[in-house]
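S.K.: The sequence shown begins at 1 in full-length UniProt numbering and counts up one residue at a time.
Built from N, CA and C at the ideal position, the CB exists for glycine as well.
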Amino acid sequence: MTFRTHEIRSIRSDEWRQVKELRLDALRDPVAHLAFLETYEDAAAKADDFWQDRASGAAVGATERQQIVAVGEDGVWAGSVTVLVEEAGVPDAFGTVPERRQGHLVGVFVRPEYRGSAAGVTQGLFDAALAWSWEAGLERVRLFVHEKNGRAEAFYRKAGFLPTGETAPMPGGTGELELEFVITRD
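Set out below in structure tokens:
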């Protein structure tokens, strides 16, 4: 799928170096502490085999997760989103048990110079992530956003995600919350 000036597609298993580079850039973002449950230092310390496994497990053909990227004409990865498949009756990352098979969007990141509706990168990534989710037979897709990440929340609402009223505590006992948003298949 090509969206404006970027090709929106699933990663290939041999693209682990680009996966690593984009993730490390995401973790340098000023709101990374609100958006990601990992620090730059922790991610940078991981060995190459971690990144190779991460890429192969979310590449074209994988069924448990899929990483979607926006690749510019110059080959630069402008952004990424990953869909994790959560199975009904199986505890999720928060320890709750989903009632239905669903997708969970994580790792949403778009480089600052590609943000905004004029660029269309974020919308293209979400369109592709949802298309992959529906093709995989998922009934709904959810995501969590930090209660103080207004920029992300505004986009998620614009993209059609609605708050469920469910929350999850941020790790580390900070007292801060992650808010659940969901979109269902039409």
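Please determine if the region 57-65 and the region 78-96 are in contact, where contact requires at least 3 C-beta pairs separated by less than 8 Å.
M.R.: In short, these stretches touch, since the Cβ pair count reaches three.
S.K.: Could you check whether V121 and G79 sit closer than 8 Å to each other, using their CB atoms as the reference points?
M.R.: Start at 1 with the first residue of the sequence shown, and residue 79 comes out as number 79. Start at 1 with the first residue of the sequence shown, and residue 121 comes out as number 121. Contact flag set, yes.
S.K.: Quick check on the DSSP output: the beta strand (DSSP E) that includes S10 runs from which residue to which?
M.R.: In the sequence shown, the residue the question calls residue 10 occupies position 10. Residues H6 to S10.
S.K.: If you count every other CB in all the chains shown that lies within 10 Å of the CB of D14, and 16 or more means buried, which is it?
M.R.: Taking the sequence shown and counting its residues from 1, one reaches residue 14 at position 14. Classification of D14: exposed, given that the 10 Å Cβ count is below 16.
S.K.: Name the DSSP bridge partner or partners of A44?
M.R.: Position 44 of the sequence shown holds residue 44. None; A44 has no bridge partner.
S.K.: With a threshold of 8 Å, are at least 3 pairs of Cβ atoms found where one atom belongs to the region 122-136 and the other to the region 49-60?
M.R.: These segments do not touch.
S.K.: Runs of 4 residues minimum, wholly inside the region 71-148: which ones carry the alpha helix (DSSP H) assignment?
M.R.: The qualifying runs are 121-135.
S.K.: Keeping to the same chain, check which residues put their C-beta closer than 7 Å to that of W134; ignore five residues upstream and five downstream.
M.R.: For this step, residue 134 is matched to residue 134 along the sequence shown. Taken in chain order, the residues that qualify are R185.
S.K.: For A93, which residues in the same chain have their Cβ closer than 6 Å to its Cβ, ignoring the five residues on either side in sequence?
M.R.: In the sequence shown, the residue the question calls residue 93 occupies position 93. There are no such residues.
S.K.: Measuring alpha carbon to alpha carbon, tell me which of A70, G89, E139 and P169 ends up nearest R9.
M.R.: Position 9 of the sequence shown holds residue 9. Of the listed residues, the one whose Cα sits closest to R9 is A70.
S.K.: Enumerate in chain order the residues of its own chain whose CB-to-CB distance from H6 is below 7 Å, with the five nearest sequence positions on each side excluded.
M.R.: Start at 1 with the first residue of the sequence shown, and residue 6 comes out as number 6. These residues qualify, in order along the chain: A70, V71, G72, A78, V121 and G124.
S.K.: Just checking my contact of L162 with V182 at CB under 8 Å: how many whole Å lie between their CB atoms?
M.R.: In the sequence shown, the residue the question calls residue 162 occupies position 162. In the sequence shown, the residue the question calls residue 182 occupies position 182. Going by Cβ atoms, the distance from L162 to V182 rounds to 6 Å, so yes, they are a contact pair.
S.K.: Considering only C-alpha positions, which residue in the set R17, A44 and D25 is nearest to G107?
M.R.: Mapped onto the sequence shown, residue 107 falls at position 107. The candidate whose alpha carbon is nearest that of G107 is D25.
S.K.: Secondary structure at V19, three-state DSSP: helix, strand or coil?
M.R.: Stepping through the sequence shown from its first residue, residue 19 is reached at position 19. Looking at V19 - three-state DSSP - the assignment turns out to be helix.
S.K.: Quick test of your reading: E180 and T164, contact by CB under 8 Å. State the CB separation rounded to the nearest angstrom.
M.R.: Residue mapping note: residue 180 aligns to position 180 of the sequence shown, counting from 1. Residue mapping note: residue 164 aligns to position 164 of the sequence shown, counting from 1. That belief holds up - the Cβ atoms of E180 and T164 are roughly 5 Å apart, short of 8 Å.
S.K.: Let me check understanding here. Comparing Cα to Cα, which of G175, G89 and A119 lies closest to K148?
M.R.: The residue given as residue 148 occupies position 148 in the sequence shown. Measuring from the Cα of K148, the nearest candidate turns out to be G175.
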